[in-house]
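J.:
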Amino acid sequence: MKFRPRIARGLLALFGGTLLLGSLTACAGRHGWHEAGADSGAMRAHMVERIGRKLDLDADQRQRLDTLAAKLQSQRQAMRGDTTDARAPWRALFAGPTFDQAAATRLVEEKTAAVRSGSPEVIAALADFYDHLRPAQQQQVRDFIEQRGGRWSRHG
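Under mature numbering (1 follows the signal peptide of the UniProt record, and there is no 0), the residues of the sequence shown are numbered -28 to -1, 1 to 128, in order.
#1: Between which residues of its own chain and Ser12 is the CB-CB distance below 7 Å, once the five residues before and five after are set aside?
#2: In whole angstroms, what is the alpha-carbon distance linking Tyr102 and Asp72?
#3: Please classify His18: does DSSP put it in a helix, a strand, or coil?
#4: Counting C-beta neighbours from all protein chains within 10 Å, is the total for Val87 16 or more, i.e. buried, or is it exposed?
#5: Answer with buried or exposed for Gln47, where buried requires no fewer than 16 other C-beta atoms within 10 angstroms of its C-beta.
#6: Run through DSSP, which three-state label would Phe71 get?
#7: Do you know whose CA, among Leu27, Trp62, Leu29 and Val20, lies nearest Lys43's CA?
#8: Assign Val80 to one of two classes, buried (16 or more other C-beta atoms within 10 Å of its C-beta) or exposed (fewer than that).
#9: Enumerate in chain order the residues of its own chain whose CB-to-CB distance from Pro61 is below 6 Å, with the five nearest sequence positions on each side excluded.
#10: Write down the C-beta distance between Asp100 and Arg16 rounded to the nearest angstrom, noting that I regard them as a contact closer than 8 Å.
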């Protein structure tokens, strides 16, 4: 019976990581950090500071959050690849008179491999961060997830 709580905890960690990644992206979009050449370190520091204030994190928790943010940033970079225009490979699939199925398959496999290889580190960093939060802080995270989930469900 210990298997089910581990699955639930893993899913919660993965979902939380996705929310944090979404927060990073939303924060970047609001502050113009999504543009090419933007200082990703500044974006990460701002995100850590903002979440740190909201959750009233101590120094150790902030360090764990910074580690998580670095792992998420690395995962995002692996997904984007070396290009400055992440949509260019997708647009190229439609450039000719027929859809390039082989290139689409390669692209999906590359993205899947990037997620598969980086996910264990992201999940471990997320678990390390979450497990070191006080119960009240964990409740704040759960409330945030619940609140954001409600907003997402209204949009389809």
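Just so it is clear, CB atoms sit at the ideal spot from N, CA and C, and this is done for glycine as well.
T.: Taking the structure as given:
#1: Gln45
#2: 42 Å
#3: helix
#4: exposed
#5: buried
#6: coil
#7: Val20
#8: exposed
#9: Leu79
#10: Their Cβ separation, rounded to whole angstroms, is 17 Å, which puts Asp100 and Arg16 out of contact at 8 Å.
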